[in-house]
Amino acid sequence: MIFPLTLVGLVPILASAKDVAPQGRACLVSDERPAQPPVSRVLRKSQDLPSTITVDVHFHISSTKEHEDLITDTIVNAQWNVLHRSFAKYDINLVLNSTERVVDDIIGKSFLVYEGPDKGWVKYTDEENNFYKSTRRGGYDALNLYFFSDYSPGATGYCSWPTVIAEDDDLKFAQDSCQVSGLTMPGITPEQGAFEDWNLGHLAVHEAGHWFGLNHTFSGGCSEPGDFVDDTPSQLTQIFGCPIGSDSCPDKPGLDPIHNFMGYTQDNW
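Going letter by letter, the sequence shown gives residues -17 to -1, 1 to 252 in mature numbering (1 follows the signal peptide of the UniProt record, and there is no 0).
In structure tokens:
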């Protein structure tokens, strides 16, 4: 995935990868990155790329039999509107090419199933790999978003980082996608199990940001180069809620970027 430098504008203006935190949000994306991400090196050398990019998007809705009516078409449409509108502000035109559904008790639980006290939690890895191989759509420049009605307990999402090369028949290519808990989608209520602070659809934007190569706002803490985006103020660690005026790196310019999709603050900022 090669994108113009205008992409970095997505981060500093917006406040706030697999995420698991019983007392906060759980994005399961690791912050252990190379000194400078390969895609960032390419972007810095790119001068003649178009100012607007178009990216094909494919939605995959996976539900258990118990919750097959949870993620309705209305909720899917609302999620798409949030995703499309958020990126369109920065000349990234997302185009929804397909929406596919599957109802299956293993798939709907994102292949992590509690099999009772004797077996505990079982990860169906082979089934998971085969699923992504058979369902991923488009080329390496297509964004595939998988929404699960019963995602890994406590987790909100995960997304793969962009890599330099991925072959079409490679497992890494098949796994090039984002996973999002259905309980973060707009329209699902707390009574239905929605996350209290993250239920307006921002999680899909957050995870897609990782797919585009963006770090968490707190990546790197108060040290240089932080999240590799020059105009994102430094942030020491993850921040929850919406603490206006927070300044965890007082020796660095600016306040904590709490109004940024790539942070952990609540959706209603």
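Beta carbons are placed, not taken as given, at the ideal position from N, Cα and C, and that holds for glycine.
Beta-carbon proximity check, Tyr123 vs Phe156, cutoff 8 Å: yes
Extent of the continuous beta strand (DSSP E) to which Arg84 belongs: Ile75 to Val86
Backbone CA spacing between Leu160 and Leu166 [nearest angstrom]: Before going on, a small fix: residue 160 reads as Ser here, not Leu. Their Cα atoms are separated by approximately 18 Å.
Range of the contiguous alpha helix (DSSP H) that encloses Asp56: Asp56 to Ala71
Nearest candidate by alpha-carbon position, reference Gly140, set Lys102, Cys205 and Val188: Val188
Per-residue burial, residue 325 [other beta carbons within 10 Å of its own, 16 or more giving buried]: Because the chain is modelled from -17 through 252, residue 325 falls outside the range shown and cannot be assessed.
Glu49 versus Ile75 - alpha carbon distance: 37 Å
N- and C-terminal bounds of the alpha helix (DSSP H) containing Thr37: Here Thr37 belongs to no alpha helix (DSSP H); instead the beta strand (DSSP E) covers Ile36 to Ser46.
Backbone CA spacing between Thr47 and Asn243 [nearest angstrom]: Distance between the alpha carbons of Thr47 and Asn243 is about 32 Å.
Candidates Asp234, Gly170 and Phe195: closest to Thr55 by CA position: The shortest Cα separation from Thr55 among Asp234, Gly170 and Phe195 belongs to Gly170.
Proximity below 8 Å, CB of Ala177 to CB of Leu66: no
C-beta atoms of Gly184 and Ala71 nearer than 8 Å: no
Reference Leu95, options Val40, Glu111 and Val78, closest by Cα: Glu111
C-alpha gap between Trp63 and Cys205, whole angstroms: 34 Å
Reduced DSSP category for Thr108 - H, G, I as helix; E, B as strand; rest coil: helix
Proximity winner among Phe42, Thr37, Leu53 and His41, relative to Thr172 (alpha-carbon distances): The shortest C-alpha to C-alpha distance from Thr172 to any of Phe42, Thr37, Leu53 and His41 is the one to Leu53.
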